[in-house]
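Following: one structure in structure tokens, then a few remarks.
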Amino acid sequence: MKKMRLSFSLLVMGIILISSPGCEKKPCWLRIYREGEFKDSIDVREWRENEDVVKISRFYYPWQGEDSIDYSFHVPSYDTTILPPYSYLNVNGRLVGVDPVKVRIEDIPYKEEVLTLMKYDTNYKLLPNLVMLPVGISSIDGISYLDSLPRNLRLYVYIYSSLAYGDVGIIPEVLPRLVRFRNIRVLKIELMGKSFEGDLPWTRWLCRMRGVRRVIFWIPDGTPEEVEARLKSRVRCLPRLRAVEISRYLIVKTG
-4 MKKMRLSFSL LVMGIILISS PGCEKKPCWL RIYREGEFKD SIDVREWREN EDVVKISRFY
56 YPWQGEDSID YSFHVPSYDT TILPPYSYLN VNGRLVGVDP VKVRIEDIPY KEEVLTLMKY
116 DTNYKLLPNL VMLPVGISSI DGISYLDSLP RNLRLYVYIY SSLAYGDVGI IPEVLPRLVR
176 FRNIRVLKIE LMGKSFEGDL PWTRWLCRMR GVRRVIFWIP DGTPEEVEAR LKSRVRCLPR
236 LRAVEISRYL IVKTG
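Under our numbering, the residue at position 209 of the sequence shown is numbered 204, and the numbers go up by one with no gaps.
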């Protein structure tokens, strides 16, 4: 009789747990502060830890399941001779991000706390808990380098054209080869010249990059608004897309 009562109680508890609404159906807000001042709130009901990212200045911080983030770029408790201001990111009292252009990774204290880098650095392996790694690609050869990176890392891939490619760009050649990398979470694409021709046929490859959370299009200043709208519409097919950004660069003509 006791066993039957216990089984019935467990069954009832299971039904209650299954039927209770959670974050998947109701908004779950992540509140973001800078040094105590409220800045923004994000609905994270479908987010996953270490898979989704929060953009904080030029850092992409891998979300750790928090319901609030208080960030700063100044932490008095750290040695500023090693970590000058704005060279690192502090979240909820922890050093989580570093700009390796300003600070040598081998000199960083608390290496185990660092989760993200602002720029790529060959010494990233010194950070045992690193999650987010930025990687720039300026030629087809960059794809083979991606193959050498550990697949447990989440990548911020920035595609830009070198002068050798002139007005053509590398997007049509690179995007089809990026599809197989399921660990890309942020994708930034520099667009130029012939990238805008026709019906943007290269955008069809974006729909196959199903793990991407954020897409940034870097476009020339003066690009028509209808082209901008078309670019945004082409990434709606991504099932886990959280944000689309449009940044502009100025073209300087010489001669």
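We put the beta carbon where it would ideally sit given N, CA and C, even for glycine.
**Study point:** Reduced DSSP secondary structure (H/G/I, E/B, other) of LEU125
**Key:** coil
Check your understanding: Using a Cβ-Cβ cut-off of 6 Å (strictly less than) and excluding sequence neighbours within five positions of VAL39, which residues of its own chain qualify?
Key -> CYS23, LEU25
Check your understanding: Which whole-angstrom value describes the C-beta separation of PHE176 and LEU141, a residue pair presumed to lie in contact below a C-beta threshold of 8 Å?
Key -> 6 Å
Review point. Using the C-alpha atoms, what's the distance from VAL222 back to TYR55?
Key: 27 Å
Review point. Taking THR117 as the reference, which of THR111, PRO95, ARG229 has the closest Cα?
Key: PRO95
Review point. For GLU240, which of helix, strand or coil comes out of DSSP?
Key: strand
Check your understanding: Helix, strand or coil: which one does DSSP assign to ASN87?
Key -> coil
Review point. Going by alpha carbons, who is nearest to PRO196 out of VAL230, SER143, ARG99?
Key: VAL230
Review point. Rounded C-beta distance between GLY92 and LEU110? I'm assuming under 8 Å.
Key: 7 Å
Check your understanding: If we call anything under 8 Å between Cβ atoms a contact, is LEU128 one with LYS106?
Key -> no
Review point. Among the residues of its own chain, which have a CB less than 8 Å from the CB of GLY101, if the five just before and after it don't count?
Key: At residue 101 the sequence reads Glu, which differs from the Gly that was named. So the qualifying residues of the chain are ASN118, LEU121.
Practice item. With a threshold of 16 other CB atoms inside 10 Å of the CB of VAL207, please say whether the residue is buried or exposed. Key: buried
Exercise for review: Kindly indicate the opening and closing residues of the alpha helix (DSSP H) around GLU168.
Suggested key: 166 to 173
Review point. Which of helix, strand or coil does DSSP assign to LEU233?
Key: coil
**Study point:** Spatial distance of TRP200 from LEU236 (CA atoms)
**Key:** 15 Å
Point to revise | Span separating the alpha-carbon of VAL130 from that of CYS18 | key: 33 Å
Point to revise | Beta-carbon contacts of ILE166 that lie in its chain and below 6 Å, excluding the five residues immediately before and after | key: SER190, TRP197
Point to revise | Rounded straight-line distance, which links the Cα of LYS183 to that of TYR151 | key: 8 Å
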